[in-house]
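Numbering (the UniProt record's numbering), first residue to last: 1 to 316. Here a beta-carbon is modelled for each residue, glycine too, at the ideal position from N, C-alpha and C.
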Amino acid sequence: MRFVSVTDGDKVSAQLQFGMSVENYGVNFLVNAVSKVADADAEKLCDEYEKLYDVSAELKRGGARHDSLVYAAKQEIALHKILKDGGFDAFTSNFEDLGDLKQLPGLAVQRLMAMGYGFGGEGDWKTSALGAILKSMTPAGGGTSFMEDYTYHFGPGTPKILGAHMLEVCPTITKSKPKVEIHPLGIGGKEDPVRMVFTATPAEARVVCLVDMGDRFRIISNEITVVEPNEALPNLPVAHAVWEPKPTLEISAESWMLAGGSHHTVLTNAVSLEAIEDFARMAKVEHVIIDGETRIREFRRELQWSAAYHRFAERI
């Protein structure tokens with residue numbers, strides 16, 4: 001993403017430490033693949049959408065905007081083929097670079113995440129990779145999604161975070177039947193994109209990010225409780241989750257910023273903290289945990305000692 005360096009990082013170091021290879025394809029590579037998808041194949045996938053989801057009337061066969069659903073289906077088929085043919089486990093897109101695509105991929109990305117692929121928006125390959133890693137730890141990649149803090153509820157009641165993204169939230173974090181809708185998108189300069197809309201099911205969970213500290217990578221985890229929204233959100237036409245971060249929003253936010261946490265995360269209610277700790281040890285990467293026991297004074301000291309340890313350990 002332009003002017004947002006946190007979505008990038010040292011790809012050479014990432015390949016050395018995690019074994020991940022980050023490849024770059026121009027967006028018109030996808031445009032060409034979309035153009036090759038047969039209408040009949042896209043219509044068949046649209047029929048599947050109608051069986052699985054609550055598709056709005058205007059998007060159904062015979063509806064005024066059915067063509068937009070067909071195009072979204074073509075995007076899914078094309079993206080899936082590219083990922084399978086290339087042997088990729090994750091991918092990323094950028095609303096600032098859509099080439100000749102008619103709409104930002106939304107429904108396609110959500111469906112592919114549900115299949116187990118990792119995703120991060122705006123070129124965020126680190127979050128894409130982290131999503132794929134965490135999804136690989138769950139049956140069929142379930143209960144795990146790309147996420148972003150959208151806004152904050154400071155009261156009345158317990159302070160909460162509303163998490164969402166432009167379009168791309170994985171339906172495996174809800175037990176409800178997603179709706180498929182089409183709404184305007186004020187950025188990107190393209191046609192209105194199709195997306196699933198739902199609310200994440202309440203659960204104990206965690207949000208996790210992978211950041212490049214310059215001399216090493218760091219995983220940051222924050223334990224959370226996903227809850228129902230205080231009230232309906234009729235003007236939020238995207239999939240979303242509401243959660244109470246531990247120990248409190250105030251301490252969580254300060255700790256997250258002190259640790260260098262990114263604005264993109266992976267939310268998971270399926271991968272345990274213990275599993276993430278095990279992965280961090282195996283990958284020899286720093287893991288900072290924010291949970292119900294976190295206190296700012298001790299957290300600052302932990303970060304200082306951790307930085308010293310990892311710099312020393314690197315030399316031996």
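Rounded to whole angstroms, the gap between the alpha carbons of ASP192 and LEU185 is 6 angstroms. When the Cα atoms are used, VAL34 and ASP41 turn out to be separated by approximately 12 angstroms. In this structure, the alpha-carbon of ASP67 lies about 9 angstroms from that of LYS60. Looking from the CA of VAL266, the closest CA among LEU249, GLU286, ARG206 and PRO234 belongs to ARG206. In the structure shown, ILE289 adopts extended strand secondary structure according to DSSP, grouped into three states. When the five nearest sequence neighbours on each side are left out, the beta carbons in the same chain lying within less than 6 angstroms of the beta carbon of ASP212 are those of GLY9 and ASP10, in order along the chain.
The C-alpha of MET196 is placed about 6 angstroms away from the C-alpha of GLU181. Going by DSSP, ILE220 is part of the beta strand (DSSP E) stretching over 217-227.
SER145 is bridged by DSSP to LEU267. Straight-line spacing of the CA atoms in PRO105 and VAL169 works out to 12 angstroms.
When DSSP assignments are scanned along the segment 53-86, the uninterrupted stretches of alpha helix (DSSP H) that are 4 or more residues long and fall wholly within it turn out to be 66-86. In the DSSP assignment, GLU277 falls outside any beta strand (DSSP E) and lies within the alpha helix (DSSP H) extending over 273-283. If you draw a straight line from the Cα of PHE217 to the Cα of GLY143, it comes to about 25 angstroms.
When DSSP reads this structure, ALA205 sits in a beta bridge with ILE224. According to the DSSP assignment, MET196 belongs to the beta strand (DSSP E) that extends over 194-197.
Going by C-alpha positions, LEU134 is about 11 angstroms away from ALA90. Each residue's CA atom was taken as its position, placing SER21 and GLY87 some 11 angstroms apart.
Under the Cβ criterion (8 angstroms, minimum of three pairs), the segment 119-133 counts as touching the segment 256-273. For THR172 and ASP54, the gap between their C-alpha atoms comes out near 16 angstroms. Two segments are said to touch when three or more pairs of C-beta atoms, one from each, lie closer than 8 angstroms; by this definition the segment 220-239 touches the segment 267-276. The segment 239-246 and the segment 144-163 touch, with no fewer than 3 CB-CB distances between them shorter than 8 angstroms. Relative to the Cα of ALA164, the nearest Cα in the group GLY62, SER136 and THR199 belongs to THR199. Bridge partners of GLU181 according to DSSP: ARG195.
The Cβ atoms of TYR117 and ALA132 lie closer than 8 angstroms to each other. Under the DSSP assignment, ILE187 falls outside any beta strand (DSSP E); it carries neither an H nor an E label.
Here TYR25 has ILE82 as same chain residues with Cβ atoms under 8 angstroms from its own Cβ, once five neighbours each way along the sequence are excluded.
Note that the C-beta distance between LEU233 and ILE219 is not below 8 angstroms.
Taking ALA203 as reference, the option from SER272, ARG281 and GLY189 with the minimal CA-CA separation is SER272. LEU249 sits in a helix when the DSSP states are folded into three classes. The criterion of a C-beta distance shorter than 8 angstroms is not satisfied by LEU98 and LYS36. When rounded, the separation of the alpha-carbon atoms in GLY120 and PHE95 is 12 angstroms. In this structure, ILE290 places its C-beta atom within 8 angstroms of the C-beta atom of TRP256.
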